[in-house]
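A.B. asks: Pasting a structure here, questions to come.
In my numbering, the protein residues as written are 449 to 1048.
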């Protein structure tokens, strides 16, 4: 157990940050002779969620989202954010200091290409960028790239927090379902098929899965900051960021895994090159400095997909059953929370109090390790901020006539959860009930889908959007993301989105199903369950099994919009929720659950 009280509520966004810090970066840029500087959200491990001491984009801009990038120039700066963070970025950063661009539609390298003359010498630190990203910029003739020995922010950041470095620990096979030796052998066999001697894993999530280890260096993601190199023969080397390695972990890893400090990582890469090794590299996720070290030392680089990513995404039977069990226990916590909320909000409950209460119900489970991300607890207009994080400054009381959106999840030893429910606080108008029902219809359409094996998430995304599209409406985020097994709550390669890559969905993949609708300054609606892909009773077809168990607010459903099949799905889902959870909760909660899951 990592401790109680998982979420903090300090103000992370800082609208004054850019005014205090951009000029420091520009002074450093002038010294370095560059007129542009790249500042990504990613850290040295290309993490989505970064430890506080590696939050460089937050330090420079005051923007606290989990995705973004920045180009600093002598007189202006461009902040790139995606649709999840459009409103948040404008709340946390001063508009007079930034231009704003859509990170997905116009990433930094495309902006540089389309704006000749704005930047002529662009500084970057190769540890923070993928090979693909830098290769794109190298192809732009009017931009000269300048590789820096360190990032200028690291010179300016004088009050940098200390990192957490608790000892990594084994993730037992009773939860992983497969020994590390077997995983290493499977990935190694794929390397041999393409004539590669080795592969480099720079992201800690990959090493965590491959070696069956977990840690607590990254907030709410159970990984240790580390990198690894796997050889085709199944032997590996792991490089940790100054951790104390216990005898238990050494025994767990065994003699075929060499353990080193991360300061030796570069030497190992160069040794591979000196041996003339052939190394498989996925340039989309390989840090540029890894690519350079291999290339310059004489390694043969074979560009291709990383086989580990697909293996990790397909959960084995033990992992899937763990997810089912975790969702039953998580459902118990959600029922207790929703029952408490219905009976308490009118007496005065704040967003922070709601988060703490939900955490307290989850903490009754001894298998709980942490939450899986900061809970989105948004009442009224705060619910319209797609990735809202409540702080002491933004905290507000839940009000009569509002919608309350709560998106939360947990890290259990046997599974990771992620659930969103939208709750009516008092009577709601016809518009909100219409929008909620359309979101629910989209959720049901995706949950009910049957599809052939070569189907990817971009082909299914329209199912979730069609009811909203029919009314001329949409939402600015993907419909579903992959989920790790006691790992990252966001995990690829599978996803459900308009522009999702063509990754065929396979039995064992776990994704979220979360259409939504948002009106800035007024309300937000989202309904999210996790689903697992499984074989259908129809020969040769696949379908989804819904894992999440918690009631959906029936008071917001406009039944006149619902088809008979949609009502049947909702009633069957609620019957399943009641049957599985009612025996596990106290009598008062069980009686309440019976009422809120009655058939419509």
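Positions of the beta carbon are idealized from the N, C-alpha and C atoms, including for glycine.
Here the structure is a predicted model, which means the values were calculated and not measured.
1. What whole-angstrom Cβ distance do residue 645 and residue 745 have, given they're in contact under 8 angstroms?
2. State the CB to CB distance for the pair residue 592 and residue 568, rounded to an integer number of angstroms; the pair is presumed to be in contact (CB under 8 angstroms).
3. Just checking my contact of residue 659 with residue 628 at CB under 8 angstroms: how many whole Å lie between their CB atoms?
4. What's the gap between the Cα of residue 451 and the Cα of residue 1031?
5. Can you give the Cα-Cα distance for residue 494 and residue 879, rounded to whole angstroms?
6. Is it right to say residue 826 is buried, meaning 16 or more other beta carbons lie within 10 angstroms of its own, or is it exposed?
7. Residues bridged to residue 565 by DSSP?
8. Going by Cα to Cα distance, which pick from 862, 894, 682 and 816 is closest to residue 765?
9. Note the first and the last residue of the continuous beta strand (DSSP E) segment covering residue 965.
10. Less than 9 angstroms between the C-beta atoms of residue 970 and residue 905, yes or no?
11. Quick one, are the C-beta atoms of residue 635 and residue 570 less than 9 angstroms apart?
12. Please classify residue 845: is it buried, with 16 or more other beta-carbons within 10 angstroms of its beta-carbon, or exposed?
13. Hey, how far is the Cα of residue 913 from the Cα of residue 489?
14. Does the distance from the CB of residue 616 to the CB of residue 663 come in under 9 angstroms?
15. From residue 823 to residue 455, what does the alpha carbon distance come to, in whole angstroms?
16. Note down, one range per segment and in chain order, each alpha helix (DSSP H) of at least 4 residues found wholly within the stretch 489-545.
17. Contact defined as beta carbons within less than 8 angstroms: I believe residue 541 pairs with residue 509. What is the distance between those atoms, to the nearest angstrom?
18. Would you mind reading off the limits of the alpha helix (DSSP H) that contains residue 958?
19. State the DSSP-derived secondary structure class of residue 942, mapped to helix, strand or coil.
20. Secondary structure at residue 681, three-state DSSP: helix, strand or coil?
21. Just verifying my parser: in three-state terms, what is the DSSP assignment at residue 449?
22. If you check the beta carbons only, do residue 871 and residue 978 fall under 9 angstroms apart?
23. Under 9 angstroms, do residue 739 and residue 579 count as touching if we go by C-beta distance?
24. Tell me which residue opens and which closes the alpha helix (DSSP H) that residue 716 is part of.
25. Taking just the CA atoms, how far does residue 609 sit from residue 547?
26. So, for residue 875: in the same chain, excluding its five sequence neighbours on each side, which residues have a beta-carbon less than 7 angstroms away from its beta-carbon?
27. Run the CB neighbour count on residue 614, radius 10 Å, all protein chains shown included, and call it buried at 16 or more, exposed below.
28. Taking the straight line between their C-alpha atoms, what separation do you get for residue 671 and residue 513?
29. Using only CA atoms, which one of 857, 868, 769 and 475 lies nearest to residue 1001?
30. Counting pairs of beta carbons, one from the stretch 881-888 and one from the stretch 918-927, are three or more of them closer than 8 angstroms?
31. Output yes if chain D places a C-beta closer than 9 angstroms to the C-beta of residue 691; else output no.
32. Could you compute how far the alpha carbon of residue 731 sits from the alpha carbon of residue 633?
33. Tell me which residue opens and which closes the alpha helix (DSSP H) that residue 817 is part of.
34. Hey, quick one: how far does the beta strand (DSSP E) through residue 851 stretch, first residue to last?
35. Which residue's Cα is closest to the Cα of residue 736: 586, 843, 611 and 820?
36. Just checking my contact of residue 1041 with residue 1026 at CB under 8 angstroms: how many whole Å lie between their CB atoms?
C.D. replies: Put simply:
1. Contact between residue 645 and residue 745 is ruled out by a C-beta separation of about 14 angstroms, above the 8 angstroms threshold.
2. With a Cβ gap of about 6 angstroms, residue 592 and residue 568 count as contacting.
3. 5 angstroms
4. Residue confidence for residue 451 is low, a pLDDT of 43 falling below 50, so the modelled location carries little weight; the figure read from the coordinates is stated next. Between residue 451 and residue 1031, the C-alpha separation is close to 28 angstroms.
5. 42 angstroms
6. buried
7. Note: residue 565 sits in no beta bridge, so no partner.
8. Measuring from the Cα of residue 765, the nearest candidate turns out to be 862.
9. 964-967
10. The Cβ-Cβ distance between residue 970 and residue 905 does not fall below 9 angstroms.
11. no
12. exposed
13. 29 angstroms
14. yes
15. Rounded to whole angstroms, residue 823 and residue 455 show a C-alpha spacing of 8 angstroms.
16. 504-509 and 534-540
17. 5 angstroms
18. No alpha helix (DSSP H) contains residue 958, which is instead part of the beta strand (DSSP E) from 958-961.
19. strand
20. coil
21. For residue 449, the predicted structure reports a pLDDT of 35, less than 50, and the residue's modelled location is therefore unreliable. A value from the coordinates is still provided. Coil, per DSSP.
22. no
23. Yes, the Cβ-Cβ distance between residue 739 and residue 579 is below 9 angstroms.
24. 713-722
25. C-alpha separation (whole angstroms): 29 angstroms.
26. 849
27. exposed
28. 20 angstroms
29. For the set 857, 868, 769 and 475, the Cα lying nearest the Cα of residue 1001 is the one of 868.
30. yes
31. Among the chains in the structure shown there is no chain D, since it carries only a single protein chain.
32. When rounded, the distance between both Cα atoms is 23 angstroms.
33. Residue 817 -> not in any alpha helix (DSSP H); beta strand (DSSP E) instead, spanning 816-819.
34. 850-856
35. Nearest option by C-alpha distance: 586.
36. 6 angstroms
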